[in-house]
Each structure stands twice: as structure tokens, then as C-alpha cells.
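Trainee: Quick note: the sequence shown uses my numbering, first residue 272, plus one each step.
Even for Gly, the Cβ is constructed at its ideal location relative to N, Cα and C.
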Amino acid sequence: MESITKNRQPPAVLRAMIERAYGPERVPHGEGWARELGHGWFNVAYRIRLRDGAEVVLKIAPPPGVEVLTYERGAMGTELAALELIRKHTGVPVPAVDFADRGHELCDADYFFMPFIDADNLDVIEDRLPAAERDAYHERLGAANRELNSVRGTAFGPLAGPGDSSWRRVFTGMFEDVLADGERRAVDLGRPYATVRAVLTEYAPALDAVVEPRLVEWDLWAGNVMVREGRIVCVIDHERAFWGDPLIEAGFTGTQLAAFGDSSAFLRGYGHGALTENETWRRRLYCLYLVLVMVIETDYRGHTDTRQYDWARERLTEVMALFGRTGP
Numbered sequence: 272m273e274s275i276t277k278n279r280q281p282p283a284v285l286r287a288m289i290e291r292a293y294g295p296e297r298v299p300h301g302e303g304w305a306r307e308l309g310h311g312w313f314n315v316a317y318r319i320r321l322r323d324g325a326e327v328v329l330k331i332a333p334p335p336g337v338e339v340l341t342y343e344r345g346a347m348g349t350e351l352a353a354l355e356l357i358r359k360h361t362g363v364p365v366p367a368v369d370f371a372d373r374g375h376e377l378c379d380a381d382y383f384f385m386p387f388i389d390a391d392n393l394d395v396i397e398d399r400l401p402a403a404e405r406d407a408y409h410e411r412l413g414a415a416n417r418e419l420n421s422v423r424g425t426a427f428g429p430l431a432g433p434g435d436s437s438w439r440r441v442f443t444g445m446f447e448d449v450l451a452d453g454e455r456r457a458v459d460l461g462r463p464y465a466t467v468r469a470v471l472t473e474y475a476p477a478l479d480a481v482v483e484p485r486l487v488e489w490d491l492w493a494g495n496v497m498v499r500e501g502r503i504v505c506v507i508d509h510e511r512a513f514w515g516d517p518l519i520e521a522g523f524t525g526t527q528l529a530a531f532g533d534s535s536a537f538l539r540g541y542g543h544g545a546l547t548e549n550e551t552w553r554r555r556l557y558c559l560y561l562v563l564v565m566v567i568e569t570d571y572r573g574h575t576d577t578r579q580y581d582w583a584r585e586r587l588t589e590v591m592a593l594f595g596r597t598g599p
């Protein structure tokens, strides 16, 4: 996926990073030892073959001169913190961190190395799978997501803080941040920003039902799940994690917006029944936040075509209709 946030580096810099992480004896020679992994939208990632044949992945944060959405600032630090929490408190398989460097001496951004995961990306293969096999993977994903959400925090908000005892305050702050990001770039939502804010104001009291902070991935789509022989062997890309309401997780999105797919298998695996009335309104607020991010981030990514923007604008119309807002 193409994005101006991808901080590509020349071979000499990549070699210097490898030497710092693994030592000079493992720095590769010649050509063909690095290739970019193109699936992600935000960070650049390279698959690298070391001199001894071992394969690793190098992930580099966006360059400092590229403006990102407010919630994306410091994302690599968030991912490293999330990986530590997950390894310490759950059995969900996540990448090991071989080496992390946040000193900005070799390049202008944070980076880290992890082992290459030899497995299939679920998003890439699921359309080719028999329905029963695809559903089984999503049931396992639901169970894994529940285990991640079992990790309890002491306050809502970013993993690094500051925290807040009120989920309503934290979520409305997140929501306002993305609206401010959109207004700063004059991103067209197809309706006034004030109309969207009015929906949040009206339905925000539903958020008060959430009183216990839980570890939330928020970005746990099929594209971040690596599978092999019926098993989930690794969950990747944790830079959007925070302490929040588990109902905001990606797997619940299809309960309100059919375009995001059928959530039934995920819900079975998670062990979650039909949503209550309060949960339904919360989930609709989370859908609204998600599609706002998807619309507004296209400007910050510097997308050269409008496919994501157009698709997300349609979803914005659909979710606003769930709140009874059918006009501009």
C-alpha cells in the first residue's frame, strides 16, 4: 500500500541498522537481501535475509517531517509497549522484538527488528478458503481478541498515559482529535462537522456504562493475523492499542455495518451474544469514529486515488443514518 508515511531507507542505512541490531558478522552482502513488504498502510517494513540465512523484518516509523493523525503520534512506542503487555499477560502469539532503537542516530525515526513469520496473511487467503475453514479462523480470532481484552488497566487512554477514570472523556477526546485533524486539512465529510459532533454529544452518555479499562487492539483485522494449518501463529501491528472498551474492537464492526463483513464467527469465538441496547449505541459511535478516521487519513497518507475515500464516505452515510441523520 502506498503512503507518504512510509519512511524508506537506502541499503547503506539498512546495513547500518542490521549491524547495530545483530552485529557485523550478520550484515548481508551483495543484492537481493531486502524487499519491502507492501501490505501495511502506515509504517514501512522490510523482509531482510541476514548473512547467515535467517530472515527478519525491519519496521520503521514515519519520518518526522510527515504530519500524521493526532492518535498516531508515537505509534511505534505504543506498539513496543503493547507487545510487552501481550507477552507478559496472555498466550496470544505476537512477534518477539529482537532489537529496538529509538535514538534516531542511524535514521530519523524509531525502528525495530523482529523475526520473519513464515505464515499466510488471513486477509490474503480467506476468500479462497471453504466457508467452514474461514469461519473457524475467525472464531479463533474472536477467542484471541477476548484474551487480549482480558488484560486490565488502571485508567482509560494511551498505553503510555496520561490516563483518565472516565471512558466517556477519553473517547470523546479521541473523537474530537480526529475531527480537528480533518478540519485542519479541510477534508470534506459530505456534511458539516457540527452535525457529526452533535451525534457524539447526544449519544455520549451511553459510554458511561464502561467502567473497567481493558487492553484494546482496535486494529485487529484479518490483515494483521498470520495463520498456518488451521492455527493463528502470530498477531501483528499493535501500534493502535490503548486502554478502552473491548466493544470498539474491529471484529464487532460488522454488527452495525454490513460492508465490514459478517461478525457471527468472531462473536462465537469471542463468546459474545447479541448486543444490548446500550452496547448497540456504543458500537455505532465506534463505527462513526472508525469511518471518520478512514475518510480523514486519506489526506494525511497522500493517497493518489480516491478508492478508500469514496468507500469510507459511503460508510459514513450509512452510520449517520443509524443515528437518524439521513441528510447532509
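1. Identify every run of the alpha helix (DSSP H) within the segment 436-505, keeping only runs that are complete inside it and at least 4 residues long; order them along the chain.
2. According to DSSP, is Gly-522 part of a helix, a strand, or is it coil?
3. Take Asp-570 and list the residues in its own chain whose beta-carbon comes closer than 6 angstroms to its own, dropping the five residues that flank it on each side.
4. Would you identify the three-state DSSP class for Glu-296, choosing helix, strand or coil?
5. Could you check whether Asp-508 and Asp-490 sit closer than 8 angstroms to each other, using their CB atoms as the reference points?
6. Give me the residue from Asn-392, Pro-366, Ile-388 and Ala-332 with the minimum Cα distance to Asp-372.
7. Nearest-angstrom Cα distance between Tyr-464 and Glu-454?
8. Look at the alpha carbon of Lys-330 and the alpha carbon of Gly-598, and state the distance between them as a whole number of angstroms.
9. Report yes if the CB atom of Val-422 is closer than 8 angstroms to the CB atom of Leu-351, and no otherwise.
10. Enumerate in chain order the residues of its own chain whose CB-to-CB distance from Gly-525 is below 7 angstroms, with the five nearest sequence positions on each side excluded.
11. Give the single residue among Asp-479, Val-365, Arg-279 and Leu-518 whose Cα lies nearest to the Cα of Asn-495.
12. Helix, strand or coil for Leu-546, going by three-state DSSP, please let me know.
13. Is the beta carbon of Arg-539 less than 8 angstroms from the beta carbon of Glu-410?
14. Straight-line CA distance for Leu-450 to Gly-444?
15. Please confirm whether Phe-513 and Gly-428 have their CB atoms less than 8 angstroms apart.
16. Can you list, in chain order, the residues of its chain whose CB lies under 7 angstroms from that of Asp-435, leaving out five sequence neighbours each side?
17. So what does Phe-383 bridge to, in DSSP terms?
18. Can you find at least 3 beta carbon pairs, one from the segment 377-384 and one from the segment 331-350, that sit closer than 8 angstroms?
19. When the Cα of Ala-390 is compared with those of Gly-542, Met-497, Gln-579 and Val-562, which residue comes out closest?
20. If I measure Cβ to Cβ from Leu-559 and keep anything under 6 angstroms in the same chain, skipping five residues before and after, which residues do I get?
21. Write down the C-beta distance between Glu-326 and Phe-387 rounded to the nearest angstrom, noting that I regard them as a contact closer than 8 angstroms.
22. State the start and end residues of the unbroken alpha helix (DSSP H) segment that holds Leu-538.
23. Taking all protein chains shown into account, decide if Thr-349 is buried (16 or more other Cβ within 10 angstroms of its Cβ) or exposed.
24. Since Arg-462 and Ile-275 are thought to touch, with beta carbons under 8 angstroms apart, how far apart are those beta carbons, to the nearest angstrom?
25. State the CB to CB distance for the pair Asp-406 and Thr-341, rounded to an integer number of angstroms; the pair is presumed to be in contact (CB under 8 angstroms).
26. Please tell me whether Glu-520 and Glu-550 are closer than 8 angstroms, where the distance is taken between their beta carbons.
27. Report the start-end ranges of each alpha helix (DSSP H) in the segment 382-417 that is 4 residues or longer and not cut off at the edges.
28. Beta-carbon within less than 7 angstroms of Glu-568's beta-carbon, same chain only, minus the 5 sequence neighbours each way: which residues are those?
29. Give the DSSP-derived three-state secondary structure of Phe-531 in the structure shown.
30. Name, in chain order, the residues that DSSP records as bridge partners for Pro-429.
31. Determine the contact status of Glu-338 and Arg-322, defining contact as a CB-CB distance below 8 angstroms.
Mentor: According to the structure data:
1. 438-455 and 464-474
2. By 1-based counting over the sequence shown, the position of residue 522 is 251. Of the three classes helix, strand and coil, the one that applies to Gly-522 here is helix, per DSSP.
3. Reading the sequence shown from its first residue, position 299 is the one you call residue 570. Arg-456 and Val-458.
4. What you label residue 296 is simply residue 25 of the sequence shown in a count that begins at 1. In the structure shown, Glu-296 sits in a helix (DSSP, three-state: H, G or I).
5. Within the sequence shown, residue 490 is the residue found at index 219, counting from 1. Within the sequence shown, residue 508 is the residue found at index 237, counting from 1. Yes.
6. Here residue 372 refers to the residue found at position 101 when the sequence shown is read from its first residue. When each option's Cα is compared against that of Asp-372, the closest is Ala-332.
7. As a working note, residue 464 is residue 193 in the sequence shown. As a working note, residue 454 is residue 183 in the sequence shown. Tyr-464 and Glu-454: Cα-Cα distance of roughly 8 angstroms.
8. Stepping through the sequence shown from its first residue, residue 330 is reached at position 59. Stepping through the sequence shown from its first residue, residue 598 is reached at position 327. So the alpha carbons of these two residues sit roughly 43 angstroms apart.
9. Translated into the one-based positions of the sequence shown, residue 422 becomes position 151. Translated into the one-based positions of the sequence shown, residue 351 becomes position 80. In this structure, Leu-351 does not lie closer than 8 angstroms to Val-422 by Cβ.
10. If you number the sequence shown from 1, residue 525 lands on position 254. For Gly-525, where only same-chain residues beyond five positions count, the Cβ hits under 7 angstroms are Phe-531, Gly-532, Asp-533 and Ser-534.
11. Position 224 of the sequence shown holds residue 495. Among Asp-479, Val-365, Arg-279 and Leu-518, the Cα nearest to that of Asn-495 belongs to Val-365.
12. On the sequence shown, residue 546 is found 275 positions in, with the first residue counted as 1. Three-state DSSP puts Leu-546 in coil, outside helix and strand.
13. Residue numbering aside, residue 539 sits at position 268 when the sequence shown is read from its first letter. Residue numbering aside, residue 410 sits at position 139 when the sequence shown is read from its first letter. Yes; because the gap between Cβ atoms is below 8 angstroms, this pair is in contact.
14. Sequence index remark: in the sequence shown, residue 450 carries index 179 (1-based). Sequence index remark: in the sequence shown, residue 444 carries index 173 (1-based). Near 10 angstroms, if we compare the C-alpha coordinates of Gly-444 and Leu-450.
15. Start at 1 with the first residue of the sequence shown, and residue 513 comes out as number 242. Start at 1 with the first residue of the sequence shown, and residue 428 comes out as number 157. Yes, these two residues count as a Cβ contact at 8 angstroms.
16. As a working note, residue 435 is residue 164 in the sequence shown. Only Ala-426, Phe-427, Gly-428 and Val-441 meet the Cβ criterion.
17. To locate residue 383, count along the sequence shown from 1; it is residue 112. Answer is Lys-330 and Ala-371.
18. yes
19. If you number the sequence shown from 1, residue 390 lands on position 119. The residue with the shortest Cα to Cα distance from Ala-390 is Met-497.
20. Taking the sequence shown and counting its residues from 1, one reaches residue 559 at position 288. These residues qualify, in order along the chain: Val-590.
21. Here residue 326 corresponds to residue number 55 of the sequence shown, with the count starting at 1. Here residue 387 corresponds to residue number 116 of the sequence shown, with the count starting at 1. Contact holds; Cβ gap of about 4 angstroms.
22. Here residue 538 refers to the residue found at position 267 when the sequence shown is read from its first residue. That run of the alpha helix (DSSP H) goes 535-541.
23. Counting from one through the sequence shown, the residue named residue 349 turns up at place 78. Under this definition Thr-349 is a buried residue.
24. Position 191 of the sequence shown, counted from the first residue, corresponds to residue 462. Position 4 of the sequence shown, counted from the first residue, corresponds to residue 275. With a Cβ gap of about 27 angstroms, Arg-462 and Ile-275 do not count as contacting.
25. Stepping through the sequence shown from its first residue, residue 406 is reached at position 135. Stepping through the sequence shown from its first residue, residue 341 is reached at position 70. Going by Cβ atoms, the distance from Asp-406 to Thr-341 rounds to 37 angstroms, so no, they are not a contact pair.
26. Residue mapping note: residue 520 aligns to position 249 of the sequence shown, counting from 1. Residue mapping note: residue 550 aligns to position 279 of the sequence shown, counting from 1. Taking 8 angstroms as the Cβ cut-off, Glu-520 and Glu-550 do not qualify as a contacting pair.
27. 393-396
28. On the sequence shown, residue 568 is found 297 positions in, with the first residue counted as 1. Leu-340, listed in sequence order.
29. Counting from 1 along the sequence shown, the entry for residue 531 is found at position 260. Helix.
30. Within the sequence shown, numbered from 1, the residue matching residue 429 stands at position 158. Beta-bridge pairing links Pro-429 to Phe-513.
31. Translated into positions along the sequence shown, residue 338 becomes position 67. Translated into positions along the sequence shown, residue 322 becomes position 51. Contact: no.
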